[in-house]
Amino acid sequence: MRGLPADTGHASSSAKRRLAQCPVDKMLDVVPWYKGLPELERNVVRAELRTVSLAAGEYLFREGSRSPGWYGVVEGLVKWSSRGADGKSLSLAGFSTGSWFGEATMIRRERFEYEVVALRPSRVVILPRDTCERLWNNNIEFTKALMTHLAQRVNWLMGCYTGNVLLDVDTTVARAVAAQLDAELHSGTNGRLKISQEEIAGLCGVSRQRCNTALTRLARAGVLRTHYGGLTVLDMDGLYRHAKISRKPGADQGPG
């Protein structure tokens, strides 16, 4: 039988480094409610998370599915939309790295009335409902975080309704960019978003050509700069003005 390696301490530290670099742990490291949990509770929550990998175009769930818990995006981009009786799809929002969603349906223990599909290869974690219930019954910070998400969701849905009924395409595109910026504010991206024009068009439910026209106007206004693989927001306040969003300093009003 082959003996154990002599430097077991080195192997152990290497394993710890690999664990720290895991995408799930990297995402959780910027989630305020998770970081606020006691260490023992964090370890339990981490062990109870389920991970789902999606290919581009693959559905995370469809309308009528039961909710297993609270969803968090580890990496990638997924679209939240609702399908009408005529088969037409209404795009509601996009969720990118660090976004959490599905809390209202989870709390109500009802079936989803919308669907979520991946716009690019994505990884999503599911915090089981039983875990969420244990946390909101015993941890005030988690409960506050959940209530904040619900309040932001209502605010976002009202904005989506206004956008789809009253606003023009340029404003809708600006809102889609603002939503992605909000979702990644705590990820250290410094305004640089890895999202394609095609993905923004998909989030807004418009053609790529029309989306490109809107982004070109925003670029000419000095709001953002497009480049290969994404765009960089240069003027956050200007972006929110074009999106017609009233935003308090430090507030996160996005869908995540």
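Residue numbers (our numbering): 338 to 593.
Glycine included, each C-beta is placed from N, C-alpha and C at the ideal position.
Annotation: M443 to A580 spans about 30 Å, alpha carbon to alpha carbon.
With three or more CB-CB distances shorter than 8 Å, the stretch 405-412 counts as touching the stretch 459-473. Separation of Y371 and L365 (C-alpha to C-alpha, rounded to the nearest whole angstrom) is 7 Å. Looking from the CA of T509, the closest CA among C548, P405, N380 and H564 belongs to C548. The beta carbons of L568 and L530 sit closer together than 8 Å. By the criterion of at least three beta-carbon pairs nearer than 8 Å, the stretch 399-407 is in contact with the stretch 444-456. Contact annotation, A513 with L552: C-beta distance approximately 10 Å; criterion of less than 8 Å not satisfied. A482 places its beta carbon less than 8 Å from that of P369. Beta-bridge partners assigned by DSSP to K416: G431 and V454. Remark: C-beta atoms of R490 and A441 approach each other more closely than 8 Å. Around the Cβ of S390, a 10 Å sphere holds fewer than 16 other Cβ atoms; the residue is exposed. Under the rule that a run must span 4 or more residues, the alpha helix (DSSP H) segments found entirely inside the stretch 353-418 read 360-365, 369-372 and 376-385.
Inter-residue distance for L374 and R445 is about 24 Å (C-alpha atoms, whole angstroms).
Assignment of I532 by DSSP, reduced to helix, strand and coil, places it in the coil class. With fewer than 16 neighbouring CB atoms inside 10 Å of its own CB, D574 falls in the exposed class. Excluding sequence positions up to five before and after G559, its CB lies within less than 8 Å of the CB of L571, D572 and G575, all in the same chain and listed in chain order. In the displayed model, L571 falls within coil according to three-state DSSP, outside both helix and strand.
Taken atom to atom, the span from the alpha-carbon of Y577 to that of S428 is near 20 Å. Spatial neighbours of I532 in its own chain (CB-CB distance under 6 Å, excluding positions within 5 residues in sequence) are listed in chain order as Q517 and G567. If the five residues before and after W437 are omitted, its C-beta is found closer than 7 Å to the C-beta atoms of W407, Y408, G409, H486 and G593, all from its own chain and listed in chain order. Per DSSP, reduced to three states, the secondary structure at F438 is strand. Here A538 has R545 and C548 as same chain residues with Cβ atoms under 6 Å from its own Cβ, once five neighbours each way along the sequence are excluded.
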